[in-house]
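Trainee: Protein chains in written order, with the numbering used here: chain A, 1 to 382; chain B, 1001 to 1285.
Beta carbons are placed, not taken as given, at the ideal position from N, Cα and C, and that holds for glycine.
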Amino acid sequence: MSGKGNHKDLQGNHACALGAIAAGCKFFAGYPITPSSEITERMSVELPANDGIFIQMEDEIASMGAVIGASMGGVKSMTATSGPGFSLKQENIGYAAGAEIPCVIVNVMRGGPSTGMPTRPAQGDLMQARWGTHGDHQVIVLTPDSVPEIFTETIRAFNLSEALRVPVIILFDEILGHLVETVEIPNPDTLDLKTRKFAKGPREDFKPYGETKDMVPPMARPGDGYRTHTTGLTHWEDGFPTQIPAQVERMTHRLSGKMIKHRQIIESWEAIDCEDAEIIICTIGISARAARQALKPARKKGIKVGLFRPITLWPFPEQAFKDVTKSAHTILIPEMNGGQLILEIQRLCGDAVRLVGLNRMDGEPIEPEEIETRIKELAKIG
Amino acid sequence: MDSSSADSFNIRDFLRLDMFPHFLCPGCGHGIAMRALLWAIYELEIPKDKLAIVSGIGCSGRIGAYIDANTFHVTHGRPLSFASGLALARPDLNVIVITGDGDCLAIGGNHMIHACRRNLNMTCMMLNNEVYGMTGGQASPTTSEARYTTTSQSGCIEPVFDACALATAAGASFVGREVTIHLPDLKDLLRQGLAHKGFSFIEVLSDCTEVFGRKNNLGESPEMILSQKSRMRPSSYGSVDGNIVDEPFRANTLPTGILSRNERPEYGDTYRKHAADIRALKSGK
Chain A
1 MSGKGNHKDL QGNHACALGA IAAGCKFFAG YPITPSSEIT ERMSVELPAN
51 DGIFIQMEDE IASMGAVIGA SMGGVKSMTA TSGPGFSLKQ ENIGYAAGAE
101 IPCVIVNVMR GGPSTGMPTR PAQGDLMQAR WGTHGDHQVI VLTPDSVPEI
151 FTETIRAFNL SEALRVPVII LFDEILGHLV ETVEIPNPDT LDLKTRKFAK
201 GPREDFKPYG ETKDMVPPMA RPGDGYRTHT TGLTHWEDGF PTQIPAQVER
251 MTHRLSGKMI KHRQIIESWE AIDCEDAEII ICTIGISARA ARQALKPARK
301 KGIKVGLFRP ITLWPFPEQA FKDVTKSAHT ILIPEMNGGQ LILEIQRLCG
351 DAVRLVGLNR MDGEPIEPEE IETRIKELAK IG
Chain B
1001 MDSSSADSFN IRDFLRLDMF PHFLCPGCGH GIAMRALLWA IYELEIPKDK
1051 LAIVSGIGCS GRIGAYIDAN TFHVTHGRPL SFASGLALAR PDLNVIVITG
1101 DGDCLAIGGN HMIHACRRNL NMTCMMLNNE VYGMTGGQAS PTTSEARYTT
1151 TSQSGCIEPV FDACALATAA GASFVGREVT IHLPDLKDLL RQGLAHKGFS
1201 FIEVLSDCTE VFGRKNNLGE SPEMILSQKS RMRPSSYGSV DGNIVDEPFR
1251 ANTLPTGILS RNERPEYGDT YRKHAADIRA LKSGK
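#1: Going by the CB atoms, is the gap between C1028 (chain B) and C1059 (chain B) shorter than 9 Å?
#2: Excluding sequence positions up to five away, which residues of its chain have a Cβ less than 8 Å from the Cβ of P48 (chain A)?
#3: So that I know if they touch, is there some Cβ in chain B lying closer than 9 Å to that of S77 (chain A)?
#4: Measuring only the C-alpha atoms, how far is R254 (chain A) from D59 (chain A)?
#5: For a test of the three-state rule: what should DSSP assign to Y1066 (chain B), helix, strand or coil?
#6: Does M78 (chain A) come out as helix, strand or coil in the three-state DSSP assignment?
#7: Please identify the residue among A:L88, A:G74 and A:Q90 whose C-alpha is closest to the C-alpha of I101 (chain A).
#8: Any heavy atom of the ligand MN closer than 8 Å to the beta-carbon of I101 (chain A)?
#9: Going along chain A in order, which residues have a C-beta closer than 7 Å to the C-beta of R1135 (chain B)?
#10: Go ahead and pull the three-state DSSP assignment for C1059 (chain B).
#11: Classify Y1132 (chain B) as helix, strand or coil using the three-state DSSP reduction.
#12: Give the interface partners of Y95 (chain A) over in chain B, defined as CB-CB distance under 9 Å, in chain order.
#13: Which value, in whole angstroms, describes the spacing of the CA atoms of Y1132 (chain B) and V1211 (chain B)?
#14: Any idea if Q1192 (chain B) is buried or exposed, counting beta-carbon neighbours within 10 angstroms, 16 or more meaning buried?
#15: If you draw a straight line from the alpha carbon of I1278 (chain B) to that of G52 (chain A), how long is it in whole angstroms?
#16: Would T1099 (chain B) count as contacting chain A if we go by Cβ distances under 9 Å?
#17: Rounded C-beta distance between A298 (chain A) and K376 (chain A)? I'm assuming under 8 Å.
#18: Using a C-beta cutoff of 9 Å, does L1024 (chain B) count as contacting chain D?
#19: From E364 (chain A) to E1178 (chain B), what does the alpha carbon distance come to, in whole angstroms?
#20: How long is the line joining the alpha carbons of S37 (chain A) and Y1271 (chain B), rounded to whole angstroms?
#21: From A1251 (chain B) to R1231 (chain B), what distance separates their C-alpha atoms?
#22: Look at the Cβ atom of G1213 (chain B), then the Cβ atom of E1220 (chain B), and state whether they are nearer than 9 Å.
#23: So for N107 (chain A), helix, strand or coil by DSSP?
#24: At the 9 Å Cβ level, is H137 (chain A) part of the contact set with chain B, yes or no?
#25: Helix or strand or just coil, what does DSSP make of N1243 (chain B)?
#26: Does the stretch 338-353 of chain A come close enough to the stretch 249-265 of chain A that 3 or more CB-CB pairs lie under 8 Å?
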């Protein structure tokens, strides 16, 4: 078995928990909510056994608060929730974005709005994941489409969060959360794990939000002698509040600048059969699995169809999408909402391409046959 | 108590002097409370590097920035949740929460009662000035009935919270109250709260001269502070029962000093022991 890991049959939620443990997560705070509770439950078992801390907090807001508190203590931290809880967490996600505190937030999507359908799947939080908290801010959103990918993307979420000091949100839906698939749990030695940079050198020279080559300043760990100030107020390099326009401009520019600078490690996507495709399906998560199944029968009928699947949903892999969809006259966007991903595609394509939505909001997944039928119709029209 | 420490304690040793002048209003009691806290920290010889000050939003929340420590100015009402994560992840730190009556009892009320119940090792200093000062003087959960605020322009009609009774009922293992005019007593109370293993809740009656005192004709800071003092009854004088605060501006006396105290397991210790047992069981020991 040396070098290779062992194989486990896991539901998506458990794969997420084990991915977090593999990534070095040592703190989890959560609150019960369907359909993500199995992540919280699994972490309550795994963390005490792995020198970590699990705590069930009094509410969703407090779990997010505890996560950023633990992360400021220098510990890799995570929480998991679903729609209503994700709404409540937004305030502290904004704090993490503004103060640049690494943390991972899992949202197992269920039907909405409001309490919606707790046990049914949906993909209704795509825009909330990007813009859920107020103000201009940066987050990374990952959308795995299988149980093994939930495991690997959870590790990647921690790596990105630690490397870039940005909240990373993992979005999947109830089906993936409860679907059981085989996951290869790699040997821990084979994993490339990232940990934030901690402050070094004399206190006088250290600026908690100073300019660095990679635009990601090192973090001062309490107890290491730096005695810095952290605030949700707009702050200057020294960490203290500022409202001087030039300073505000430079700090907010760095927040978006670091995302652009590190685009290559952030962006991730899958493109299948796109080289000659006239019709390209663009979709994420469980809907992408249905789309993948529809490809083969459509190709057999001679329809030139491909699939573009953003794994990193936000920031959207723009250039890859543009490159891949060059030959397409039609883009089909199946999503389990009223049309959210299509808005981003519209932004990128304008009127140059025909955009077609395929939407379901009835708590049922989009079936491969629905996509196949739509492709055939589009091929006839096209 | 070592009374000589009043001479050797130099508040400047604990301040970020380059942050001054501070932004608190003339006559505000918050600065006195900060002095008492730093004096207690000095007496306990807590290293500044191991000091984590977590504060929320409001006038109380801004105090942390003046203290030369690891300071965290977090979201409104959430400092206790942030501090819970920090204290669990870093039991080596001395975690102090500075909060206000609105931050702690209104928007943060749920976190407050559960922090009391959980009994994690930290000290929560709640500065009660009966008003939302930072936002211009709106009514808070501790605004006395009939008091004028910008959201109770014909007199407050809501009853008040007794924060210490609430903390005691919720299970805080150390609960106390003081007024700013009793500076050495306040320092001693904070010192005992800081030394206590578990969740310590300390209410400090502060005064807001600018947007509360003026609107209610309560005079300047000395008048407000003396008026508070006249209504305090040190708990050592008798029973803490009869703690009635539902009449205008504390017409009835409020007990001060240590109001309740018990030694029960601290949550962090309990968790770590529990986790060690699980690991031992797993490794077959």
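Mentor: Inspection of the coordinates gives the following:
#1: If you number the second sequence from 1, residue 1059 (chain B) lands on position 59. If you number the second sequence from 1, residue 1028 (chain B) lands on position 28. In this structure, C1028 (chain B) lies closer than 9 Å to C1059 (chain B) by Cβ.
#2: The sequence position of residue 48 (chain A) within the first sequence is 48, counting from 1. F54, listed in sequence order.
#3: As a first step, residue 77 (chain A) is located in the first sequence; it is residue number 77 there, counting from the start. Cβ-Cβ to chain B under 9 Å: yes for S77 (chain A).
#4: Indexing the first sequence from 1 puts residue 254 (chain A) at position 254. Indexing the first sequence from 1 puts residue 59 (chain A) at position 59. Cα to Cα, the separation comes out at about 33 Å.
#5: Along the second sequence, one-based indexing puts residue 1066 (chain B) at 66. DSSP places Y1066 (chain B) in the helix class (H, G or I) of the three-state scheme.
#6: Along the first sequence, one-based indexing puts residue 78 (chain A) at 78. If DSSP states are grouped into helix, strand and coil, M78 (chain A) belongs with the strands.
#7: Numbered from 1 along the first sequence, position 101 holds the residue referred to as residue 101 (chain A). Comparing C-alpha distances from I101 (chain A) to each of A:L88, A:G74 and A:Q90 shows the shortest one belongs to A:G74.
#8: Looking for the ligand MN in the displayed structure turns up nothing, as the structure carries no ligands at all.
#9: In the second sequence, counting from the first residue as 1, residue 1135 (chain B) sits at position 135. Rather than Arg, the amino acid found at residue 1135 (chain B) in this sequence is Thr. In chain order: nothing, as chain A lies at least about 15 Å away.
#10: The residue given as residue 1059 (chain B) occupies position 59 in the second sequence. C1059 (chain B): coil per DSSP, three-state reduction.
#11: Locating residue 1132 (chain B) in the second sequence gives position 132, where the first residue counts as 1. Three-state result, Y1132 (chain B): strand.
#12: Mapped onto the first sequence, residue 95 (chain A) falls at position 95. Residues of chain B passing the Cβ test: V1074, T1075, R1078 and F1082.
#13: On the second sequence, position 132 is the one that residue 1132 (chain B) refers to. On the second sequence, position 211 is the one that residue 1211 (chain B) refers to. Each residue's Cα considered, the two are about 9 Å apart.
#14: Stepping through the second sequence from its first residue, residue 1192 (chain B) is reached at position 192. Under this definition Q1192 (chain B) is a buried residue.
#15: Here the question's residue 1278 (chain B) lines up with position 278 in the second sequence. Here the question's residue 52 (chain A) lines up with position 52 in the first sequence. Between the alpha carbons of I1278 (chain B) and G52 (chain A) lies a gap of roughly 12 Å.
#16: Position 99 of the second sequence, counting from 1, holds the residue named residue 1099 (chain B). Interface flag for T1099 (chain B) against chain A is unset, since no Cβ pair is found closer than 9 Å.
#17: Reading the first sequence from its first residue, position 298 is the one you call residue 298 (chain A). Reading the first sequence from its first residue, position 376 is the one you call residue 376 (chain A). Confirmed, about 7 Å.
#18: Annotation note: the requested chain D is absent from the structure, which comprises protein chains A and B.
#19: Residue mapping note: residue 364 (chain A) aligns to position 364 of the first sequence, counting from 1. Residue mapping note: residue 1178 (chain B) aligns to position 178 of the second sequence, counting from 1. The straight-line gap from Cα to Cα measures roughly 60 Å.
#20: Locating residue 37 (chain A) in the first sequence gives position 37, counting from the first residue. Locating residue 1271 (chain B) in the second sequence gives position 271, counting from the first residue. For S37 (chain A) and Y1271 (chain B), the gap between their C-alpha atoms comes out near 21 Å.
#21: Locating residue 1251 (chain B) in the second sequence gives position 251, counting from the first residue. Locating residue 1231 (chain B) in the second sequence gives position 231, counting from the first residue. Model confidence at A1251 (chain B) stands at a pLDDT of 48, short of 50, so the residue's coordinates are unreliable; what they give is reported in the following sentence. Cα-Cα distance, rounded: 7 Å.
#22: For the purposes of this step, residue 1213 (chain B) is identified with residue 213 of the second sequence, where counting begins at 1. For the purposes of this step, residue 1220 (chain B) is identified with residue 220 of the second sequence, where counting begins at 1. Taking 9 Å as the Cβ cut-off, G1213 (chain B) and E1220 (chain B) qualify as a contacting pair.
#23: As a first step, residue 107 (chain A) is located in the first sequence; it is residue number 107 there, counting from the start. In the structure shown, N107 (chain A) sits in a strand (DSSP, three-state: E or B).
#24: Here the question's residue 137 (chain A) lines up with position 137 in the first sequence. By this cut-off, H137 (chain A) is not an interface position.
#25: As a working note, residue 1243 (chain B) is residue 243 in the second sequence. Below a pLDDT of 50, predicted positions are generally treated as unreliable, and N1243 (chain B), at 47, falls in that range; the measurement from the model is reported next regardless. Reduced to three states, the DSSP call for N1243 (chain B) is coil.
#26: Taking 8 Å as the limit for Cβ pairs, the verdict is that the stretch 338-353 of chain A does not touch the stretch 249-265 of chain A.
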